[in-house]
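All residue numbers for the sequence shown refer to the numbering used here, where the first residue is 174 and numbers rise by one.
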Amino acid sequence: MNKTIRRASVFTLLLVLALLARATWVQFYDGKALADDTHNRRNAIETYSRPLGNIIVAGNAITGSARTRGGDLAYKRTYTDGELYAAVTGYASQAYAPTQLEGIYTDLLNGTDPSLRTVMDTLTGERSDPGDVVTTIDPAVQKAAYRALGDKKGGAVAIDPKTGRILAAVSTPSYDPSVLTDANTAGSAWKRLNADPDKPLTNRALRQPLPPGSTFKLVVASAALESGLYGNVDEHTDSPDPYRLPGTVRDLANENPSAPCRDASIRVALQYSCNNVFAKMAVDLGQDKVRAMAEKFGFDDDHQDVPVRAYTSVYPSDMDKSSTALTGIGQYEVTATPLQMAMVSAAIANGGELASPHMVARTVDGGGDVVHDYDGDTGTKRIVSARTAAQLQSAMETVVKDGTGTNALIDGVTVGGKTGTAQHGENNSKTPYAWFTSFGKSDSTGKEVAVAVMVEQSDAARSEVSGNGLAAPVARAMMAAALEK
174 MNKTIRRASV
184 FTLLLVLALL
194 ARATWVQFYD
204 GKALADDTHN
214 RRNAIETYSR
224 PLGNIIVAGN
234 AITGSARTRG
244 GDLAYKRTYT
254 DGELYAAVTG
264 YASQAYAPTQ
274 LEGIYTDLLN
284 GTDPSLRTVM
294 DTLTGERSDP
304 GDVVTTIDPA
314 VQKAAYRALG
324 DKKGGAVAID
334 PKTGRILAAV
344 STPSYDPSVL
354 TDANTAGSAW
364 KRLNADPDKP
374 LTNRALRQPL
384 PPGSTFKLVV
394 ASAALESGLY
404 GNVDEHTDSP
414 DPYRLPGTVR
424 DLANENPSAP
434 CRDASIRVAL
444 QYSCNNVFAK
454 MAVDLGQDKV
464 RAMAEKFGFD
474 DDHQDVPVRA
484 YTSVYPSDMD
494 KSSTALTGIG
504 QYEVTATPLQ
514 MAMVSAAIAN
524 GGELASPHMV
534 ARTVDGGGDV
544 VHDYDGDTGT
554 KRIVSARTAA
564 QLQSAMETVV
574 KDGTGTNALI
584 DGVTVGGKTG
594 TAQHGENNSK
604 TPYAWFTSFG
614 KSDSTGKEVA
624 VAVMVEQSDA
634 ARSEVSGNGL
644 AAPVARAMMA
654 AALEK
């Protein structure tokens with residue numbers, strides 16, 4: 174063999190080896206990335222080649238799958254009472270990435286989750302039968318919240334204080350996830366929903382933190398009692414009325430000028446929602462102690478998964494004393510979701526312990542066997558002492574019996590609550606946010622529930638916007654539904 178042929182042979186061999194190396198690299202290293210690429214049509218074809226698993230509420234599937242007509246995607250997702258449960262399910266779309274429980278449990282619902290694989294699946298390489306997601310949602314409480322919110326823009330959450338099970342998560346206005354499931358029609362629906370000024374795709378129950386207003390006074394009161402600033406809820410505080418914000422010439426007003434707020438006890442200050450008391454209390458405690466208590470309840474936690482990741486509720490840092498005073502009444506840069514404020518009431522109702530909130534009880538495989546038991550995973554953590562919790566329970570009951578929260582009263586139920594009306598816009602130029610957070614305990618069965626409601630916007634006149642007027646009736650309906658069994 175002459176030199177030219179030998180060199181050509183070596184060069185050809187090198188080319189073949191390079192091709193083999195590249196093919197090996199693509200197969201074993203780039204393969205997963207290519208398979209997971211959102212632009213890989215084969216993924217969608219495989220996902221929708223057969224019915225998906227379902228999301229279950231009280232033993233009934235609130236999702237389904239329907240045969241499509243034409244195209245290469247054999248099935249599409251369907252929803253029962255889609256608008257009612259949208260804040261829980263999210264959507265599974267042929268055109269867009271899934272959200273909420275549909276997104277978190279995509280692999281389980283389409284059968285690709287490794288935990289679903291049987292020995293036979295491993296041997297044959299076949300995709301496993303899809304699994305189901307069993308939620309903690311109580312349909313009666315969910316419906317009560319949705320109906321009571323009606324055409325208001327807002328969010329509501331209900332929690333079982335003992336177990337942390339989320340019984341309801343509602344956001345209004347809602348949307349029907351079914352309009353987003355079919356790739357042929359999803360585009361126009363997507364544009365319409367995103368152009369809607371009411372933002373129906375926003376999950377106001379879990380993912381829209383807003384100033385919580387006076388409901389945050391429960392956190393400040395907790396800090397005051399736990400730190401020893403005050404010994405009990407009936408001890409008089411050092412609270413001038415009016416209270417001048419430190420370093421300013423501004424006096425902080427109370428909603429009710431005739432309320433007995435000067436040097437009021439924590440009980441009376443919660444009963445009449447005295448701004449002067451809690452603004453002064455926050456300054457006396459200092460921002461670090463207030464923040465520490467807020468964070469024990471769940472504020473500033475950017476990994477609050479239920480298992481949907483809730484948006485972070487915030488207690489701010491690096492403030493002067495006047496700003497710290499405003500945080501004492503849930504203003505300045507304090508923000509919270511309805512989930513977060515429901516957690517505050519749940520911990521107080523549960524003797525000072527917060528059970529980890531969750532809205533999935535368990536996942537099961539195609540045969541109904543448990544894959545993961547989330548009810549069994551939950552733990553509790555001590556937020557305040559049992560004594561502090563009992564003191565705050567008593568004060569919250571006074572709010573409902575004789576104070577600003579009378580619209581939450583329920584016959585045969587011990588109810589404690591706190592109203593909030595949070596300023597909105599520069600110099601409070603826009604309609605305030607109405608809040609109510611509470612707990613209810615059945616006098617006959619001992620069953621308990623904690624709720625929080627936020628009304629962002631309604632048709633009510635500005636003068637009629639209040640936590641008691643707009644949010645408390647929603648909370649009342651939810652508590653009644655949860656405790657009637």
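A virtual CB, placed ideally from N, CA and C, is assigned to each residue, including glycine.
Within the continuous alpha helix (DSSP H) that includes A648, where are the two ends? To locate residue 648, count along the sequence shown from 1; it is residue 475. A645 to L656 is the extent of the alpha helix (DSSP H) around A648.
Going by the CB atoms, is the gap between S400 and V557 shorter than 8 Å? In the sequence shown, counting from the first residue as 1, residue 557 sits at position 384. In the sequence shown, counting from the first residue as 1, residue 400 sits at position 227. No. Outside cutoff.
Pull up the distance between the alpha-carbon of A700 and that of A260, whole angstroms please. Outside the shown range of the chain (174 to 658) lies residue 700, about which nothing can therefore be said.
Whole runs of the beta strand (DSSP E) within the segment 404 to 478, excluding any shorter than 3 residues: none
Strand pairing of T561, partner residues [DSSP]: Your numbering for residue 561 matches position 388 in the sequence shown. Answer is none; T561 lacks a bridge partner.
From L512, G613 and A452, pick the residue whose C-alpha is nearest to that of P480; which is it? What you label residue 480 is simply residue 307 of the sequence shown in a count that begins at 1. The shortest C-alpha separation from P480 is found at L512.
What are the residues that DSSP puts in a beta bridge with M627? On the sequence shown, position 454 is the one that residue 627 refers to. Its beta-bridge partners are G328 and W608.
Find the nearest neighbour of A378 within the set T262, A239 and I235, judged by alpha-carbon distance. On the sequence shown, position 205 is the one that residue 378 refers to. Considering only alpha carbons, the answer is T262.
For Y348, report the span of its beta strand (DSSP E) as first-last. Walking along the sequence shown from the start, residue 348 turns up at place 175. No beta strand (DSSP E) contains Y348, which DSSP labels as neither H nor E.
Using 8 Å for Cβ pairs, my map puts V406 next to S438. What's the rounded Cβ distance? Counted from its first residue, the sequence shown places residue 406 at position 233. Counted from its first residue, the sequence shown places residue 438 at position 265. Their Cβ separation, rounded to whole angstroms, is 6 Å, which keeps V406 and S438 in contact under 8 Å.
Meets three-Cβ-pair contact criterion under 8 Å: the segment 350 to 358 and the segment 330 to 337: no
What separation, rounded to the nearest whole angstrom, lies between the Cα atoms of M492 and A265? Along the sequence shown, read from residue 1 onward, the residue named residue 492 stands at position 319. Along the sequence shown, read from residue 1 onward, the residue named residue 265 stands at position 92. About 43 Å.
So if DSSP puts D305 in a beta bridge, which residue, or which two residues, is it bridged to? Residue 305 sits at position 132 when you count from the first residue of the sequence shown. Answer is V537, bridged to D305.
Comparing C-alpha positions only, which one of P385, T497, F472 and D457 sits nearest to G503? The count along the sequence shown starts at 1 and reaches residue 503 at position 330. For the residues P385, T497, F472 and D457, the minimum Cα distance to G503 belongs to P385.
Quick check on the burial criterion: 16 or more other C-beta atoms within 10 angstroms. Buried or exposed for L289? Here the question's residue 289 lines up with position 116 in the sequence shown. L289 is buried by the Cβ-count criterion.
Contact defined as beta carbons within less than 8 Å: I believe Q630 pairs with T610. What is the distance between those atoms, to the nearest angstrom? Residue 630 sits at position 457 when you count from the first residue of the sequence shown. Residue 610 sits at position 437 when you count from the first residue of the sequence shown. Q630 to T610, Cβ: 19 Å. No contact.
Simplified DSSP state of D491, which is helix, strand or coil: Along the sequence shown, one-based indexing puts residue 491 at 318. Coil at D491, not helix or strand.
P370: buried (16+ other C-beta within 10 angstroms of its C-beta) or exposed? On the sequence shown, position 197 is the one that residue 370 refers to. Under this definition P370 is an exposed residue.
CA-to-CA distance, Y547 to T308, given in whole angstroms: Residue mapping note: residue 308 aligns to position 135 of the sequence shown, counting from 1. Residue mapping note: residue 547 aligns to position 374 of the sequence shown, counting from 1. Roughly 10 Å separates the two Cα atoms.
Give the straight-line distance between the Cα atoms of A648 and G539, rounded to the nearest whole angstrom. For the purposes of this step, residue 648 is taken as residue 475 along the sequence shown, with counting starting at 1. For the purposes of this step, residue 539 is taken as residue 366 along the sequence shown, with counting starting at 1. Each residue's Cα considered, the two are about 37 Å apart.
Just the Cα atoms here: how many angstroms apart are P373 and D411? Start at 1 with the first residue of the sequence shown, and residue 373 comes out as number 200. Start at 1 with the first residue of the sequence shown, and residue 411 comes out as number 238. Rounded to the nearest angstrom, the two C-alpha atoms are 45 Å apart.
Using only the alpha-carbon positions, how far apart do P224 and H531 sit? Here residue 224 refers to the residue found at position 51 when the sequence shown is read from its first residue. Here residue 531 refers to the residue found at position 358 when the sequence shown is read from its first residue. Roughly 27 Å separates the two Cα atoms.
Need the endpoints of the alpha helix (DSSP H) that I521 sits in, please. Within the sequence shown, residue 521 is the residue found at index 348, counting from 1. Start and end: P511 to A522.
Check whether the Cβ atoms of L322 and P303 sit closer than 8 Å, and answer yes or no. Locating residue 322 in the sequence shown gives position 149, counting from the first residue. Locating residue 303 in the sequence shown gives position 130, counting from the first residue. Contact flag unset, no.
Would you say A329 and V586 are within 8 Å of each other, going by their C-beta atoms? If you number the sequence shown from 1, residue 329 lands on position 156. If you number the sequence shown from 1, residue 586 lands on position 413. Cβ distance not < 8 Å, so A329 and V586 don't count as in contact.
Where does D286 land, buried or exposed, given buried means 16+ other C-beta within 10 angstroms? If you number the sequence shown from 1, residue 286 lands on position 113. So D286 counts as buried.
Just curious, the beta strand (DSSP E) that S238 is in, first and last residue? By 1-based counting over the sequence shown, the position of residue 238 is 65. It spans T236 to R240 - the beta strand (DSSP E) in which S238 sits, taken as one unbroken run.
Examine the Cβ distances between the segment 549 to 556 and the segment 454 to 465 and report whether three or more of them are shorter than 8 Å. no
With burial defined as no fewer than 16 other Cβ atoms inside 10 Å of the residue's Cβ, what is the status of K176: buried or exposed? As a working note, residue 176 is residue 3 in the sequence shown. Per the 10 Å Cβ criterion, exposed.
Return yes when the Cβ of R250 is within less than 8 Å of the Cβ of T236, no when it is not. As a first step, residue 236 is located in the sequence shown; it is residue number 63 there, counting from the start. As a first step, residue 250 is located in the sequence shown; it is residue number 77 there, counting from the start. Cβ atoms of T236 and R250: closer than 8 Å.
State yes or no: is the C-beta of G327 within less than 8 Å of the C-beta of M516? Taking the first residue of the sequence shown as position 1, residue 327 is located at position 154. Taking the first residue of the sequence shown as position 1, residue 516 is located at position 343. Result no, Cβ atoms of G327 and M516 do not sit closer than 8 Å.
Starting from R322, trace the alpha helix (DSSP H) in both directions and tell me its first and last residue. Here residue 322 refers to the residue found at position 149 when the sequence shown is read from its first residue. The residue you asked about is not Arg; residue 322 is Leu in the sequence shown. Note, L322: alpha helix (DSSP H), P312 to L322.
Can you give me the C-alpha to C-alpha distance between L192 and A217, rounded to a whole angstrom? For the purposes of this step, residue 192 is identified with residue 19 of the sequence shown, where counting begins at 1. For the purposes of this step, residue 217 is identified with residue 44 of the sequence shown, where counting begins at 1. About 30 Å.
Do you know whose CA, among V588, S347 and E299, lies nearest Y319's CA? Stepping through the sequence shown from its first residue, residue 319 is reached at position 146. Y319 has its Cα closest to that of S347, out of V588, S347 and E299.
What does a CB cutoff of less than 6 Å around S344 pick up in its chain, not counting 5 residues either side in sequence? Residue numbering aside, residue 344 sits at position 171 when the sequence shown is read from its first letter. Correct list, in chain order: A260, G328, N376, R377 and A378.
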